[in-house]
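And the structure:
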């Protein structure tokens, strides 16, 4: 009765009595309802019901009929009302069956939503835990099996993804006598990096191959250089802009070694001294089964408080003592089988950690361990510069720069995605111009296209600009010096008219003064020669210019072009961009005359 009222709300007393006692007359059913109410009051010590024209639960009475916490492994997913069954096959039994189905559906929906949220936020380990609970609750759902396969694949665990498929295949065969469907088999082919045709891609569905390409493309040479440095007992530093694939390359390298620990510096580390170093040392100790150190007492406690024992002196040790303690811990880990340490996203690390790394590298005091790092370029923090200097002076750090993919490599990447309807020959030049060969930018653009109604149809219009890419490029532009950003803005306003001479004139600078900003822009993959590296960075730079400033700059460009050979239509366009239509008129007339001479009557009329 309480469950019915909790789920259905206020109910007429006659309706409730008839439902609970369908085989008795109305008066006896009402009497039974009153007796049940009396026993409830006596059992609970309070009245849980509000009586009137209808019967309802009192306000504020809590129930456990919600979907439960999908994150809590202890949440009970037993059927509604457990093993209770209504005798007979009346209306009450039918209601209970419907309520149980609805209640189970709510709990499954909560699990699905939690798994999707974790996946969208990149929390793959948490998503896998929820997906496993979802599968336990709905073992015959092929969609649940695919979700678990996809999550293992996205996490880079190919064996677990294949094992999840084999479990799915076995369950469907044993319970339903059917094989997995086309979508599940298609996902398996992606996991196995087969070249077979996939099923038709549903609109609005992002294939798992786009979220994580099956193969690492265009980085064989870089992998060989990393391996050579590693085998030569040299540290290496992988350098590349956001989206170039540093993390994927580092993961592929780690997968080829069984004796490394992988650590990642995180946003926010810069504000906490030795945050990255402490994380690294914990990972080293965990890999080596809690490697002990014979370092001076208390030397590591400031970084690893869990090592404190009674009598450990308070206060931070001096830097030399800390360095000695770290060296001994690393040497102990090497003796227990650890081969090396890989540190990703070093650009987020705090300066004391990076400074300590540079000292250890410079004096070859890594305890026999190999070291690999990955970071973004254009870092100007003193510690980062010291690390580069230490490597250059001692020649013990190999720097490996990741360049954008060329057209052939981009074509190989697109082909590896195995997407139906994607004409690689058609899309490679468009994506190369749009993204400059940045792998992440290309994949994000492909992902955006899969979600659009136009899909991969040729002539679909302007390529999308995913918000994730815009944010990454904005971060890159923020790292530029004011001189480099000014030069980039002139290039954006000038467009195809940009050249070094125009930049000198508009910025009132000598060519030699533009050399450093120009090199900075090319190093940051903003410019290539006298053009933008790709359309996305051009759009991002243009967006940083306030309209009032852009008008003045258009005017300066127009003035330069008036005194140098230039297309009349382009001069007119810049005057119009400057908001000075009268100045554009004579140039529009000249452009019309030129179009007539070339028999371009539509252009002349425009």
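Numbering (the working numbering), first residue to last: 207 to 812. Backbone N, C-alpha and C fix where the C-beta goes; we use that ideal spot for every residue, glycine too. Please read all numbers here as calculations on a predicted model, not as lab measurements.
Item, Value
"DSSP beta-bridge partners of residue 607", "445"
"Cα-Cα separation between residue 635 and residue 316, rounded to whole angstroms", "43 Å"
"Spatial distance of residue 728 from residue 771 (CA atoms)", "27 Å"
"Proximity of residue 745 and residue 396 at Cβ, strictly below 8 Å", "no"
"Three-way DSSP call (helix, strand, coil) for residue 705 in this model", "coil"
"Buried or exposed (CB count within 10 angstroms, at least 16 for buried), residue 244", "exposed"
"Segment limits, beta strand (DSSP E) that includes residue 579", "576-581"
"Own chain partners of residue 279 with C-beta closer than 6 Å, once the 5 adjacent residues on each side are dropped", "With a pLDDT of 49 at residue 279, under the threshold of 50, the modelled position of that residue is not reliable, and the figure given next carries that caveat. Counting only Cβ-Cβ distances below 6 Å, and skipping sequence neighbours, we find nothing."
"Distance between residue 724 and residue 732 (C-alpha atoms, nearest Å)", "9 Å"
"Close-in-space but distant-in-sequence residues of the same chain around residue 759 (CB under 6 Å, 5 per side omitted)", "699"
"Chain-order list of residues whose beta-carbon lies under 8 Å from that of residue 151 (same chain, five-residue window excluded)", "Outside the shown range of the chain (207 to 812) lies residue 151, about which nothing can therefore be said."
"Same chain, Cβ closer than 6 Å to residue 761, neighbours up to 5 away in sequence not counted", "784"
"Environment of residue 556 [buried if 16+ CB atoms lie within 10 Å]", "buried"
"Helix, strand or coil at residue 550 according to DSSP, with G and I counted as helix", "strand"
"4 or more residues per run - each alpha helix (DSSP H) lying fully within the stretch 292-368", "297-326, 330-343 and 348-360"
"Same chain, Cβ closer than 6 Å to residue 218, five either side skipped, listed in chain order", "260"
"Nearest residue (CA-CA) to residue 736, options 756, 608, 708 and 742", "708"
"Residue 470: first and last residue of the uninterrupted beta strand (DSSP E) it sits in", "466-470"
"Residues of its chain near residue 687, where Cβ-Cβ distance is below 7 Å and the 5 sequence neighbours each way are ignored", "723 and 726"
"Residue interval of the beta strand (DSSP E) (run including residue 261)", "260-263"
"Bounding residues of the alpha helix (DSSP H) (the contiguous stretch that carries residue 751)", "Here residue 751 belongs to no alpha helix (DSSP H), and DSSP marks it neither H nor E."
"Alpha-carbon spacing of residue 250 relative to residue 223, whole angstroms", "21 Å"
"Residue 578 vs residue 548 beta-carbon contact at 8 Å", "yes"
"Where residue 204 falls, given that 16 or more other Cβ within 10 Å makes a residue buried", "As shown, the chain starts at 207 and ends at 812. That puts residue 204 outside it, with no answer to give."
"Nearest neighbour of residue 477, chosen from 533, 454 and 554 [CA to CA]", "554"
"Classification of residue 659 by the beta-carbon crowding that lies within 10 angstroms, buried from 16 upward", "Because the pLDDT at residue 659 is just 48, under 50, the model does not fix this residue reliably, and the value given afterwards should be weighed accordingly. Answer is exposed; the Cβ neighbour count stays below 16."
"Coil, strand or helix - residue 685 by DSSP", "coil"
"Cβ separation of residue 782 and residue 790, assumed to be a contact under 8 Å, to the nearest whole Å", "5 Å"
"Beta carbon of residue 430 nearer than 8 Å to that of residue 393", "no"
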